[in-house]
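Taking the working numbering, the leading residue of the sequence shown gets 5, the next gets one more, and so forth.
Beta carbons are placed, not taken as given, at the ideal position from N, Cα and C, and that holds for glycine.
Here is the structure we will look at.
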Amino acid sequence: AIDASTGELLWSTDLDCRIWSKASVKEDRVYIGSNSFYVIDKASGEIRKQYDFPQVHEEKKYGEYIDRTANFHSSPALFMGMIILGSDDGNIYAIEEL
């Protein structure tokens with residue numbers, strides 16, 4: 005997180021993976037998807053919750069890279085107390101907000 009008025013770095017959180025989607029923010033929480041889905045404290049950057057999803061792709065084949073997790077390239081949508089996520093595994097996930 006960066007202070008918009010000063011450009012000062014407020015906090016950063018290492019999720020140990022690539023981040024493909026834009027974050028969604030509501031009140032004191034930041035929601036972001038990558039290989040897992042994270043709920044992060046807006047003030048401190050602390051991970052409040054991490055959701056891991058099942059492996060969904062076929063077995064690895066020689067000479068090919070096949071990602072075996074549900075990846076989230078779309079930004080989370082917040083609607084009526086739910087977090088809605090589209091995944092590259094072909095599923096749409098709905099998670100109750102914390």
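Inter-residue Cα distance where the pair is residue i and residue j
{"i": "Y55", "j": "K26", "result": "17 Å"}
{"i": "N75", "j": "I88", "result": "14 Å"}
{"i": "T17", "j": "G37", "result": "13 Å"}
{"i": "N95", "j": "G85", "result": "19 Å"}
{"i": "F83", "j": "W15", "result": "27 Å"}
Three-state secondary structure (DSSP) of residue i
{"i": "K46", "result": "coil"}
Where the beta strand (DSSP E) containing residue i begins and where it ends
{"i": "K53", "result": "I51 to Y55"}
{"i": "G37", "result": "R33 to G37"}
{"i": "E101", "result": "E101 -> no beta strand (DSSP E), and no H or E assigned at all."}
{"i": "K26", "result": "Run containing K26: none; DSSP gives neither H nor E here."}
Cβ-based burial, residue i [other Cβ within 10 Å; buried from 16]
{"i": "S9", "result": "exposed"}
{"i": "R22", "result": "exposed"}
{"i": "F41", "result": "buried"}
{"i": "P58", "result": "exposed"}
{"i": "I44", "result": "buried"}
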